[in-house]
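Worksheet: one structure, shown below.
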Amino acid sequence: MKSLRRSLLALAAGSLTATALLVATPATAFAQDIKPRLIRFGYGLNEQSNQGRAVKLFAEEVQKASGGKMKVRAIGGAALGPDTQMQQALIGGAQEMMVGSTATLVGITKEMALWDTPFLVNNVKEADALLDGPVGQKVMDKLQEKGLVGLVYWENGFRNLTNSKRPVTKLEDMSGIKLRVMQNPVFLDSFKSLGANAVPLPFSELFTALETNAVDGQENPFNTIVSSKFYEVQKYLTVTNHVYSPWIVLVSKKWWDGLSAAEKKVLSDAAKKSRDFERQDTRTEAAQALKDLKAKGMQINELSPAEANRMREKLTRVNAGIAANVGMDLWTDTQSQLAQLRGGK
């Protein structure tokens, strides 16, 4: 009898051990699929910026989800070079990750020019839906042919106009204003079409150009206008929201292709968490930045929907050029998704 009881107890213990092994196996296998890795993550702004805060959160999430095996080394302040230089480092496999502007990717992947379209989206709800939906994914997927993998889009923000000459409340007010624009053909063509004297300049030279009146104005998100102290050399701000600028989190395809499915999942999940955090953080900061600009004495005007439409109509030729450049299928898909978001047929 004792012998039988011992046998039954042994059998039960064996079953429990087997069950425990079965339960533990997926987690164990997952852990075994994650190797110690150091990930260099470059970005352009400083550690205290919205970019810096989101990269920090990303790094924490990766370390936590990988059990401390995958470590992200955040390198800000453009210490690894400007966006274009980091993109090439990723393509060559000399750097693992970065976050930067989609505008600087246009020379690598022409479809990225879609995000430079003036007055493409009316608000952040439309921007999120477009970027996180099939259109945003289709544009992102094109990067793989060029040696880059896009994980998520972050927010730089809506760009707005400042100048030292006069308030801009209607299309005609743009006439003759010497306006610094990014070194990007879409921005040049857009502001020329609106009557401004568009001057391409690197961002690093902008404050001095405004201070010496080499240019009258510029256009950037509120956050940048505050952090760059443009309010010291600019009197008028118009809330135009003329372009929504995204940032994109990129991975070197050479490096990505060597990762296990478990490692890719760690990075993808952390990227999504960082995206949601960064967008909220940036929007809160932008709202505060606008209040700060008012407090610092800038005269603030808002472009009316009617005037925004007048400007949009002036940009028909520019938009046709973007459509031809990115491909009519992508352009049509974009307009179709926007119509659905706006309740159209």
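Counting with mature numbering (1 follows the signal peptide of the UniProt record, and there is no 0), you get residues -31 to -1, 1 to 314 for the letters of the sequence shown. Note that beta-carbon positions come from the ideal geometry of N, C-alpha and C, so glycine has one too.
Kindly list the residues whose CB is nearer than 6 Å to the CB of residue i, restricted to its own chain and excluding five residues on each side of it in sequence; keep chain order.
{"i": "Gly116", "result": "Ile60 and Lys222"}
{"i": "Gly13", "result": "Ala47"}
{"i": "Asn153", "result": "Ala72"}
{"i": "Tyr213", "result": "Val90, Ala96 and Phe127"}
{"i": "Ser229", "result": "Asp2"}
{"i": "Ser243", "result": "Ala23, Leu26 and Phe27"}
{"i": "Asn294", "result": "Lys79 and Ala82"}
If I'm right that residue i touches residue j with Cβ under 8 Å, what's the distance once you round it to whole angstroms?
{"i": "Gly186", "j": "Ile217", "result": "About 27 Å; that fails the 8 Å criterion."}
{"i": "Met67", "j": "Gly11", "result": "4 Å"}
{"i": "Glu247", "j": "Asn19", "result": "6 Å"}
{"i": "Ala34", "j": "Val235", "result": "5 Å"}
{"i": "Gln167", "j": "Leu157", "result": "According to the sequence displayed, residue 167 carries Ala and not Gln. That pair is a contact at about 5 Å."}
{"i": "Ile3", "j": "Met39", "result": "7 Å"}
{"i": "Asn125", "j": "Ser70", "result": "7 Å"}
{"i": "Leu49", "j": "Gln64", "result": "6 Å"}
{"i": "Val287", "j": "Val155", "result": "7 Å"}
{"i": "Ile194", "j": "Leu262", "result": "6 Å"}
Taking the alpha-carbon positions, what's the residue i to residue j distance?
{"i": "Val184", "j": "Glu276", "result": "24 Å"}
{"i": "Ser197", "j": "Gly296", "result": "36 Å"}
{"i": "Arg22", "j": "Gly45", "result": "11 Å"}
{"i": "Gln268", "j": "Val202", "result": "13 Å"}
{"i": "Leu32", "j": "Val41", "result": "One detail in the question is off: residue 32 reads as Gln in this sequence, not Leu. If you take the alpha carbons of Gln32 and Val41, they lie about 8 Å apart."}
{"i": "Lys107", "j": "Ala264", "result": "42 Å"}
{"i": "Thr177", "j": "Arg6", "result": "42 Å"}
{"i": "Thr251", "j": "Gln306", "result": "25 Å"}
{"i": "Ile291", "j": "Ala256", "result": "31 Å"}
{"i": "Gly312", "j": "Asp85", "result": "24 Å"}
{"i": "Phe27", "j": "Gln249", "result": "15 Å"}
{"i": "Asp52", "j": "Ala58", "result": "10 Å"}
{"i": "Trp123", "j": "Glu180", "result": "31 Å"}
{"i": "Ser237", "j": "Trp300", "result": "27 Å"}
{"i": "Thr303", "j": "Gly227", "result": "33 Å"}
{"i": "Glu29", "j": "Gly62", "result": "23 Å"}
{"i": "Gly37", "j": "Ala43", "result": "16 Å"}
{"i": "Pro169", "j": "Asp101", "result": "31 Å"}
{"i": "Ser159", "j": "Asp298", "result": "22 Å"}
Determine the burial state of residue i: buried for a count of at least 16 other Cβ atoms within 10 Å of its Cβ, exposed for fewer.
{"i": "Pro171", "result": "exposed"}
{"i": "Leu(-24)", "result": "Since pLDDT at Leu(-24) reaches only 47, below the 50 mark, its modelled position is unreliable, and the value read off the structure follows with that caveat. Burial call: exposed."}
{"i": "Leu112", "result": "buried"}
{"i": "Ala308", "result": "exposed"}
{"i": "Gln17", "result": "exposed"}
{"i": "Asn92", "result": "exposed"}
{"i": "Thr80", "result": "Note on identity: in this sequence residue 80 is Glu, with Thr being the wrong assignment. Buried, by the Cβ-count rule."}
{"i": "Ala239", "result": "buried"}
{"i": "Asn182", "result": "exposed"}
{"i": "Glu114", "result": "exposed"}
{"i": "Ser273", "result": "exposed"}
So which of the options has the shortest CA-CA distance to residue i?
{"i": "Val208", "options": "Gln152, Leu130, Leu120 and Leu219", "result": "Leu130"}
{"i": "Pro87", "options": "Glu114, Thr193 and Arg279", "result": "Arg279"}
{"i": "Thr138", "options": "Tyr205, Phe160, Phe191 and Gln32", "result": "Tyr205"}
{"i": "Pro215", "options": "Glu16, Leu99 and Gln113", "result": "Leu99"}
{"i": "Lys260", "options": "Tyr200, Glu30, Met81 and Arg22", "result": "Tyr200"}
{"i": "Thr253", "options": "Phe191, Leu272, Gln1 and Ser237", "result": "Phe191"}
{"i": "Gly266", "options": "Ser273, Ala258 and Leu272", "result": "Ala258"}
{"i": "Leu120", "options": "Thr53, Pro51, Gly36 and Asp245", "result": "Asp245"}
{"i": "Asn189", "options": "Asn132, Lys241, Asp238 and Val75", "result": "Asn132"}
{"i": "Ser162", "options": "Glu29, Leu284, Trp123 and Ala292", "result": "Leu284"}
{"i": "Met55", "options": "Arg9, Glu29, Glu30 and Leu83", "result": "Arg9"}
{"i": "Ser173", "options": "Met151, Leu310, Ser237 and Arg135", "result": "Met151"}
{"i": "Pro136", "options": "Asn270, Asp298, Thr301 and Ser159", "result": "Asn270"}
{"i": "Val210", "options": "Pro169, Leu310, Gly227 and Arg281", "result": "For the record, residue 210 in the displayed sequence is Asn; it is not Val. Looking at the Cα atoms, Arg281 is the closest of the given residues."}
Residue i: beta carbon under 7 Å from a heavy atom of the ligand MN?
{"i": "Tyr122", "result": "This structure lacks the ligand MN; in fact it carries no ligand of any kind."}
Return the chain-ordered list of same chain residues with a C-beta closer than 8 Å to the C-beta of residue i, the five sequence neighbours on each side being excluded.
{"i": "Val118", "result": "Leu112, Leu219, Val220, Ser221, Lys222 and Trp225"}
{"i": "Ser141", "result": "Sequence check: residue 141 is Glu here, not Ser. Around Glu141: Gly164."}
{"i": "Lys134", "result": "Ile146, Asp185, Gly186 and Tyr205"}
{"i": "Lys94", "result": "Leu310"}
Any beta carbon of chain B sitting closer than 8 Å to that of residue i?
{"i": "Ala293", "result": "Of the chains in the structure shown, none is chain B; there is only one protein chain."}
Can you list, in chain order, the residues of its chain whose CB lies under 7 Å from that of residue i, leaving out five sequence neighbours each side?
{"i": "Ala165", "result": "Met143, Ile146 and Leu148"}
{"i": "Lys241", "result": "Val121"}
{"i": "Met109", "result": "Gly119"}
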